[in-house]
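Colleague:
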Amino acid sequence: CTLTMSDDNFVKLFTGVMTSMQAFSSGKLSLDGDIMKSQLIEKIFDLNL
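Residue 24 in the working numbering sits at position 24 of the sequence shown, with consecutive numbering throughout.
1) How would you label residue 20, buried or exposed, when you count the other beta carbons within 10 angstroms and need 16 or more for buried?
2) Quick one: residues in its chain with C-beta nearer than 8 angstroms to the C-beta of residue 29, no 5 flanking neighbours on either side, listed in chain order?
3) Can you give me the C-alpha to C-alpha distance between residue 38 and residue 25, rounded to a whole angstrom?
4) DSSP puts residue 38 in a beta bridge; with which residues?
5) Tell me which residue opens and which closes the beta strand (DSSP E) that residue 30 is part of.
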């Protein structure tokens, strides 16, 4: 799975200012490939995606 987002949105996501659902639903985060694999990022970075 490939995740694409701007630098600013990356910082917002990983500092908790924005959730992954907010980013995805607003078009600030795009996913390509196996979307189910994107859930592994939560475990890797200890995020509440």
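A virtual CB, placed ideally from N, CA and C, is assigned to each residue, including glycine. Model, not experiment: these values are computed from the prediction.
Modeller: On the basis of the data shown:
1) Label assigned to residue 20: buried.
2) 3, 4, 5, 9, 13, 20 and 23.
3) Rounded to the nearest angstrom, the two C-alpha atoms are 15 angstroms apart.
4) According to DSSP, which records beta bridges pairwise, residue 38 is partnered with nothing at all.
5) Counting along the chain, the beta strand (DSSP E) containing residue 30 begins and ends at 30–32.
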